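>
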Ligand SMILES: Nc1ncnc2c1ncn2[C@@H]1O[C@H](COP(=O)(O)OP(=O)(O)OP(=O)(O)O)[C@@H](O)[C@H]1O
Ligand SMILES: [Mg+2]
């Protein structure tokens, strides 16, 4: 459960989030809004990457500001730019790196990493140089690295930007099957069609908060 309690955020004089209060117990929550409306800022607060300047955020009752390490163990984050997350030379080693604390045996780690890759569209890529994957494959690799850690909450900020149609569908299917709570920031409104809840931000305020149909309709009308 992610909760925002009267959360405000400013960079200098610029108000980026204005008194956002949301209790999000649903499993799949989408966050949409115009460029600069505050989506990434709100999403990054879930693992303490950005701290509110007023109010507070709670993740399963823990405040990322004061209990950052505990929260980050529960929350996986997939960024728009996968290069910022890929740390090892090959795809298999990269996912295995995520498993270094939980799986002590090196061969077992490699085997599990290959299985995670195979299950998410990267079968046969374990030995492939990570930085020579296509943009979309890198995005899938970043997701694999996070899923290998088995977090309770997965936050994705524009995870399908680089994905082709097939991999976007695959990504949607992966999300649909996850046991994790997922919070997804996206401009791909189709991705949210079967989500439980969609929150629309405008100028740092929540302007709609509903099931996908009505929330996305509201957002389309706002833009039109
Ligand atoms: N580190 C920063 N320093 C100053 N201003 C920032 C910083 N990060 C974000 N902002 C500002 O905060 C506002 C909200 O940014 P945010 O990245 O949350 O928007 P967003 O809704 O994710 O937009 P997009 O759809 O373009 O990703 C913007 O006006 C942005 O310029
Ligand atoms: Mg953003």
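Numbering (my numbering), first residue to last: 2 to 225.
Heads up, the beta-carbon is just placed ideally off N, CA and C, and yes, glycines get one too.
Since we're looking at a predicted model, the values are computed, not measured.
In the DSSP assignment, find the unbroken beta strand (DSSP E) run with residue 209 in it and report its ends.
For the purposes of this step, residue 209 is identified with residue 208 of the chain shown, where counting begins at 1. It spans 206-211 - the beta strand (DSSP E) in which residue 209 sits, taken as one unbroken run.
> Is it a yes or a no for the region 89-98 touching the region 111-121, going by three-plus beta-carbon pairs under 8 Å?
Because the criterion of three Cβ pairs below 8 Å is met, the region 89-98 and the region 111-121 touch.
> Report buried or exposed for residue 26, applying the criterion of at least 16 other Cβ atoms within 10 angstroms of its Cβ.
Stepping through the chain shown from its first residue, residue 26 is reached at position 25. Its Cβ having fewer than 16 others within 10 Å, residue 26 is exposed.
> For residue 92, which of 80, 81, 102, 110 has the nearest alpha-carbon?
Taking the first residue of the chain shown as 1, we reach residue 92 at position 91. Nearest option by C-alpha distance: 110.
> Quick check on residue 32: does DSSP put it in helix, strand or coil?
Taking the first residue of the chain shown as 1, we reach residue 32 at position 31. Three-state DSSP puts residue 32 in a strand.
> In three-state terms, what does DSSP make of residue 117?
Residue numbering aside, residue 117 sits at position 116 when the chain shown is read from its first letter. Helix at residue 117.
> Evaluate residue 158 with the Cβ neighbour count: other Cβ atoms within 10 Å of its Cβ, from every protein chain shown; 16 or more gives buried, anything less gives exposed.
The count along the chain shown starts at 1 and reaches residue 158 at position 157. So residue 158 ends up on the buried side.
> Could you tell me the distance, in whole angstroms, from the CA atom of residue 48 to the CA atom of residue 28?
Within the chain shown, numbered from 1, the residue matching residue 48 stands at position 47. Within the chain shown, numbered from 1, the residue matching residue 28 stands at position 27. Cα to Cα, residue 48 sits roughly 17 Å from residue 28.
> For ligand 1, I want to know if residue 251 counts as a neighbour, meaning its beta carbon is within less than 6 Å of at least one of the ligand's heavy atoms.
Residue 251 falls outside the range modelled here, since the chain spans only 2 to 225, and no answer is possible.
> Counting only runs that start and end within the region 24-74, where is the alpha helix (DSSP H) found for 4 or more residues in a row?
As far as the region 24-74 is concerned, its whole alpha helix (DSSP H) runs of at least 4 residues are 40-45.
> Quick one: does the C-beta of residue 40 sit closer than 6 Å to a heavy atom of ligand 2?
As a working note, residue 40 is residue 39 in the chain shown. Yes, since a heavy atom of ligand 2 falls inside the 6 Å radius drawn around the Cβ of residue 40.
> Looking at the structure shown, is residue 135 part of a helix, part of a strand, or coil, going by DSSP?
For the purposes of this step, residue 135 is taken as residue 134 along the chain shown, with counting starting at 1. Residue 135: coil per DSSP, three-state reduction.
> Taking the alpha helix (DSSP H) that residue 175 belongs to, which residues open and close that run?
Along the chain shown, one-based indexing puts residue 175 at 174. Run containing residue 175: 166-178, per the alpha helix (DSSP H) assignment.
> Is the beta carbon of residue 152 sitting closer than 7 Å to the one on residue 75?
One-based indexing of the chain shown puts residue 152 at position 151. One-based indexing of the chain shown puts residue 75 at position 74. Closer than 7 Å, so yes.
> Given a threshold of 16 other Cβ atoms within 10 Å of its Cβ, counted over all protein chains shown, does residue 215 qualify as buried or as exposed?
Within the chain shown, residue 215 is the residue found at index 214, counting from 1. The residue is exposed, with fewer than 16 neighbouring Cβ atoms inside 10 Å.
> Using a Cβ-Cβ cut-off of 6 Å (strictly less than) and excluding sequence neighbours within five positions of residue 39, which residues of its own chain qualify?
Taking the first residue of the chain shown as 1, we reach residue 39 at position 38. Excluding positions up to five away in sequence, the list reads 17, 18, 202, 205.
> Can residue 220 be considered in contact with ligand 1, in the sense that its beta carbon sits closer than 6 Å to one or more heavy atoms?
Residue mapping note: residue 220 aligns to position 219 of the chain shown, counting from 1. Incorrect: residue 220 has no Cβ contact closer than 6 Å to ligand 1.
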